[in-house]
Amino acid sequence: LSVQMHNLTDFDNHVHPYTDIEVSYSWEVYDEDGRLQFVSQEPEPKIEFTQQGNYHILLIATTSTGCIDSLMKPDYIHSVLQPHVEFIAIPETAFLSDSGIYFLNFADTTILADENTVWYWDFGDGTIDSSSYSPTHHYDEWGDYEVVFYVSNGLGCNDRIAHLVSIEADLMFPNVITPNGDGLNDVFAIENLNTRINSDDPSQFRTNLLAIFNRWGKKVYEAENYDTYVKDGDITVGHKAFGGENCPDGTYYYTFYYKGKLQSVNVNGTLMILREAQKSK
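Shown next as structure tokens:
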């Protein structure tokens with residue numbers, strides 16, 4: 021805490037800046053236990069407080085003729101610790117089946133132990149933790165989560181830090197679609213496909229390429245960064261969704277390449293399009 025002192029000392033029958041008066045000043049700073057912490061003879065010193073606590077300020081003004089006056093202001097400066105927070109996630113990317121992510125906290129334990137301090141973890145999935153210093157958290161769904169650690173000392177000083185963690189799951193592919201318009205299984209939806217691509221990321225994680233061929237090897241569909249997927253049983257139909265358009269019922273073959281953060285996937289499989297079979301049910 022840096023404090024610039026301003027000297028408001030006045031003299032009878034004289035006009036500021038008192039060029040006709042020779043005066044010396046003494047500034048003294050004491051902590052709450054009465055121990056001297058700082059002395060300066062500057063008219064208006066800047067005082068640096070590096071420890072938390074209450075401080076008393078004493079100013080003594082003395083003229084060259086020996087006239088003296090002093091002023092003590094008890095508990096005039098109140099210095100509190102400014103929280104500075106940081107943490108790392110170990111690992112930053114994990115599989116859904118893993119045991120969880122460990123968050124290693126580098127915040128000052130002295131600040132967190134203060135009874136006026138408020139702090140918490142927000143794991144980005146609706147879970148809040150205000151009791152664990154360096155917690156381990158397990159996510160129930162795959163996805164990208166912004167994890168925030170927040171600290172406030174209760175006196176207006178606060179700090180927060182946020183880091184992104186990613187949870188991935190194995191991809192699963194349908195082998196049948198029934199595009200008859202009933203809203204059930206109408207499109208080729210890849211389970212656990214994370215389509216969030218960071219355009220600023222030079223590694224370009226999450227990019228993919230889907231190609232579908234008929235039984236004679238003719239390509240009937242191709243999409244870069246296919247974005248129709250299944251998460252927790254719910255289908256999200258993106259801008260690119262294969263629903264068998266202009267393709268008769270029958271057997272097709274697909275190739276799919278995906279570059280995940282943990283692993284790359286290159287899959288070849290078969291896909292049945294069965295409109296009439298679904299209708300007959």
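Going from the sequence shown to my numbering is simple: count from 1 and add 20. C-beta: ideal position from N, C-alpha, C; glycine also. In this text the structure is predicted, and so the values were computed from the model without any measurement.
- In this structure Pro155 does not touch Ala127 by the C-beta definition: roughly 13 Å separates them, more than the 8 Å allowed.
- Apart from the 5 residues on each side of it in sequence, Ile110 sits with its Cβ closer than 8 Å to the Cβ of Ile121, Tyr122, Phe123 and Leu124 in its chain, given in chain order.
- Secondary structure at Arg226: coil, using DSSP grouped into helix, strand and coil.
- Sixteen is the threshold: when 16 or more other Cβ atoms of the shown chains lie within 10 Å of the Cβ of Val49, as they do, the residue is buried.
- When secondary structure is reduced to three states using DSSP, Ala133 falls in the helix class.
- For Ser284, the enclosing beta strand (DSSP E) covers residues Ser284 to Ile293.
- For Asp128, there is no enclosing beta strand (DSSP E), as DSSP gives it neither H nor E.
- DSSP places Glu242 in the strand class (E or B) of the three-state scheme.
- Contact annotation: the stretch 271–283 touches the stretch 233–242, with at least three C-beta pairs closer than 8 Å.
- In this structure, Ser99 sits away from Lys66, with a CB-CB distance that is not shorter than 9 Å.
- For Asn178, the uninterrupted beta strand (DSSP E) run begins and ends at Asn178 to Glu188, by DSSP.
- Collapsing the DSSP output to three states places Glu265 in coil.
- Residue range Ile88 to Ser99 is occupied by the beta strand (DSSP E) that includes Met92.
- Annotated three-state conformation of Glu42 is coil, per DSSP.
- In the structure shown, Glu296 adopts helical secondary structure according to DSSP, grouped into three states.
- Taken through DSSP and simplified to helix, strand or coil, Gly280 comes out as coil.
- By the criterion of a C-beta distance shorter than 6 Å, Glu242 is surrounded in its chain by Ala231, once the five residues flanking it on both sides are discounted.
- Note on Val196: under 16 other CB atoms within 10 angstroms of its CB, so exposed under the neighbour-count rule.
- For the pair Trp162 and Ser151, the Cα-to-Cα distance works out to about 25 Å.
- The C-alpha of Ser172 is placed about 14 Å away from the C-alpha of Glu106.
- In the DSSP annotation of this structure, the continuous segment of the beta strand (DSSP E) that includes Gly73 starts and ends at Gly73 to Thr83.
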